[in-house]
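Going down the list, the sequences are from chains A and B.
Counted the way numbering that gives the first Met the number 0 counts, the first sequence spans residues 0 to 257.
Counted the way numbering that gives the first Met the number 0 counts, the second sequence spans residues 0 to 312.
For reference, the structure is listed below as structure tokens.
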Amino acid sequence: MNARVIHIASNTFREAVRDRVLYNLIAFALLLSGAAILVGQISIEIEKLVVINLGLTAVSLFGVVIAIFIGIGLVSKEIDRRTLYTVLSRPVRRWEFIVGKFLGLAGTLVVNTFFMAMGVFGALLYLAHHFHKADAWVLVALYFIILQFLIICALALLFSSFSSPLLSAVFAFALFVIGSFAEDLRGFATMAQGGSRWLATGAAYLVPNFSALNVISSVAHEQPIPGHLILYNTLYAALYTAMAVCGAVLIFEHRNLK
Amino acid sequence: MAALEIIGLEKTYSVGFWRKRSKHALRPLHLAVEEGEIFGFLGPNGAGKTTTLKLLMGLVFPTSGSARILGFEWTDPKVKAQIGFLPEQPYFYDYLTARELLAYYAQLSGVPAKERRRRVDAVLHRVGLPDVGGVQLRKFSKGMLQRVGIAQAILHNPRIVFFDEPMSGLDPMGRREVRDLMEQLKHEGKTVFFSTHVLSDAEALCDRVAIIHQGELRGIGVVADLTSNVHGKVEVVWQGTRVPSSLKALEAECHVTGDTVRAVLPEENQDAAIDALRREHLRLISLIPVRASLEDYFVQKLAPREKVEGVTV
């Protein structure tokens, strides 16, 4: 890969790692996984279900917060503070900067997810004293959560390339919420008539389909995840992320820096 | 070969929310800077200096025009490896140490890995920060950040450096050091293009200067040539304490010191002043032309159009 993209990505990763807020969020997620054990103990016979549900939901929610929190400032903060000037006056192309920033944040999110997942598996081990074969599906759920993070991260970057951090956060979080109900939106579209049908169908396919990436409940009930879903979700997330990053690049390529 | 050639570079912004109107940040600018010279780009605040530098660095896009740097199109990424740039009031990644920041910039500039450490240490030493390389930038003062800014601009041994207000935030010693550094860069054969509104810095350093105001080039040339064309003043000194009343009409500023009078008046009034002294039987001691400064030239270039604009507004 292009060396400059790697350098920008590793600097973005370093920036995130040195941000204390990040550690607070990870600590909260780990605490929530720990709290899942307590809740599990008062839930007779369904302790494991509660731990997986609560633990993975904590990983997902805190990861999304981290992705939005860091993602919205990736470009706008660099423009506001003018740190970008000394980067773009070097032999660095604008697309390299955007892609490097995205990869740096994506790397940060993967590492964070790893640590938060350790909390979930630690809680599972504490309850059952050993792992079952079905626990491997938790890894698939975590993989889908990471795919969600990549999409969110790309969207935050896209919004960050043309709007303020606050608006970027609102847009990204709104899309996350709407995307989490994408299947319901599609259901509504099939029932709607006339113009609203077209509008709802368009919106349903435009927003990221996070509900397809949410298999936490299935995994908690030890239901296997079909291989084709893993493949489709991977392709979907890769395509959606690539489109959002390309959009960010297109906007940023033509942007005058104040 | 010209190190920098600006060919009609122009930048117009649209301002206003409902009724859009054009604001000329930079009117078509034509400028050439020779290789190895120190070139001062002068103008008051808001004149268009920073806009010009941003255009050259590719940070904003021109409305029209182009530029060539070291013979290449200014948008060519290859040319950027030969450019050093210090922005105005630079701000850096404050979670990094000075050494980490410079190493990062060295990576982006394509400095070979085995040379990076040596270059970073050398440049920290050169800007007077050899002992704080391991300190996070958030603990640096404004003056220290300015030095780091200069370090990152020369780190990769560029052939041409662009400094936007390089003396800003520096104490007198720091200003002197930066002036020395710029002269060293010139002796190393590098071209230095720097913007400033501090005329004494430009007068002390520059081979040539350009004056820009309201986005428009108002003058360009060698400092001595520019100031020689300024309509100067003369200093007349005579013996006595008496000031002839006719001198006041000649716009003379008179100061009596001991038994001599010193008057400074416009050059074109010098003959009339001597006639007045002769009529009053006062003994002329000296008549010396007062050397015009860059400031005089600067004021002359800026003032007339201000007045015209003042009338039209």
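All C-beta atoms, glycine included, are put in the ideal place defined by N, C-alpha and C.
{"Asked": "CA-CA distance, B:H196 and A:C152?", "Found": "43 Å"}
{"Asked": "Counting C-beta neighbours from all protein chains within 10 Å, is the total for A:M117 16 or more, i.e. buried, or is it exposed?", "Found": "exposed"}
{"Asked": "Would B:V110 count as contacting chain A if we go by Cβ distances under 7 Å?", "Found": "no"}
{"Asked": "Determine whether the Cβ of A:S75 lies closer than 7 Å to any Cβ atom of chain B.", "Found": "no"}
{"Asked": "For B:G132, return the contacting residues in chain A, with the cut-off set at a CB-CB distance below 8 Å.", "Found": "None at all; the shortest Cβ gap to chain A is about 17 Å."}
{"Asked": "Does any residue of chain A bring its CB to less than 7 Å from the CB of B:E308?", "Found": "Caution is warranted here: a pLDDT of 42 is assigned to B:E308, below 50, making its placement in the model unreliable, and the coordinate value is therefore given only provisionally. False, the Cβ-Cβ gap to chain A never drops below 7 Å."}
{"Asked": "Taking a cut of 8 Å between CB atoms, which residues from the region 45 to 62 of chain B lie near chain A?", "Found": "K53, M56, G57, L58, V59, F60"}
{"Asked": "Please decide whether B:Q81 counts as near chain A, where near means a Cβ-Cβ distance under 7 Å.", "Found": "no"}
{"Asked": "In this structure, does DSSP put B:G218 in helix, strand or coil?", "Found": "strand"}
{"Asked": "Is the shortest distance between the beta-carbon of A:E14 and the beta-carbons of chain B less than 7 Å?", "Found": "yes"}
{"Asked": "Would you mind sorting A:E14 into buried or exposed? The rule is 16 or more other CB atoms within 10 Å of its CB.", "Found": "buried"}
{"Asked": "Please report how far the alpha carbon of A:A202 lies from the alpha carbon of A:L154, in whole angstroms.", "Found": "16 Å"}
{"Asked": "My output table needs one value for B:P43: the three-state DSSP class, helix, strand or coil.", "Found": "coil"}
{"Asked": "Please list the terminal residues of the continuous beta strand (DSSP E) segment that includes B:C253.", "Found": "252 to 256"}
{"Asked": "Could you tell me which chain A residues have their CB closer than 8 Å to the CB of B:F91, listed as they occur along the chain?", "Found": "T82, T85"}
{"Asked": "Note down, in chain order, every chain B residue with its Cβ under 8 Å from the Cβ of A:R19.", "Found": "Chain B residues near A:R19: none, gap ~10 Å exceeds 8 Å."}
{"Asked": "Three-state secondary structure (DSSP) at B:L58?", "Found": "coil"}
{"Asked": "State the Cα-Cα distance for the pair B:L25 and B:T50, rounded to the nearest angstrom.", "Found": "7 Å"}
{"Asked": "Tell me the rounded alpha-carbon separation between B:V307 and B:H212.", "Found": "Any reading at B:V307 must be qualified, since the residue scores a pLDDT of 40, below 50, and its modelled position is unreliable; no value is offered."}
{"Asked": "Measure the beta-carbon distance from A:K100 to A:I7 and round it to whole angstroms, keeping in mind my assumption that it falls under 8 Å.", "Found": "6 Å"}
{"Asked": "Hey, does B:L154 have any beta-carbon neighbour from chain A nearer than 7 Å?", "Found": "no"}
{"Asked": "Output the residue ranges of the alpha helix (DSSP H) runs that lie fully inside the region 15 to 61 of chain A and measure 4 residues or longer, sorted by chain position.", "Found": "19 to 40"}
{"Asked": "Do we get a CB-CB distance below 7 Å when we pair A:V91 with the residues of chain B?", "Found": "yes"}
{"Asked": "Out of curiosity, what's the CA-to-CA distance linking B:T74 and B:E4?", "Found": "13 Å"}
{"Asked": "A:F158 and A:F170 - do their beta-carbons sit closer together than 7 Å?", "Found": "yes"}
{"Asked": "If we ignore side chains and look at the alpha-carbon of each, how far apart do B:G64 and B:P171 end up?", "Found": "39 Å"}
{"Asked": "Of all the CB atoms in chain A, is at least one closer than 7 Å to the CB of B:F71?", "Found": "no"}
{"Asked": "Check whether the Cβ atoms of B:G148 and B:L85 lie closer than 7 Å to each other.", "Found": "yes"}
{"Asked": "So who's on the other strand from B:D200, going by DSSP bridges?", "Found": "B:D200 is not bridged to any residue."}
{"Asked": "Using a Cβ cut-off of 7 Å (strictly closer), state whether A:S88 contacts chain B.", "Found": "yes"}
{"Asked": "Once you ignore the five residues that flank B:M143 on each side, which residues in its own chain have a CB closer than 8 Å to its CB?", "Found": "L128, V131"}
{"Asked": "For B:S140, name the three-state secondary structure that DSSP assigns.", "Found": "coil"}
{"Asked": "Have a look at A:L37, A:V49, A:F27, A:Q40 and flag the residue whose alpha-carbon is nearest the alpha-carbon of A:E221.", "Found": "A:V49"}
{"Asked": "Between A:L166 and chain B, is any beta-carbon pair separated by less than 7 Å?", "Found": "no"}
{"Asked": "A:R3 touches chain B at which residues, Cβ-Cβ below 9 Å?", "Found": "Q106, L107, G109"}
{"Asked": "Would you list the one or two residues that DSSP bridges to B:Q135?", "Found": "B:T96"}
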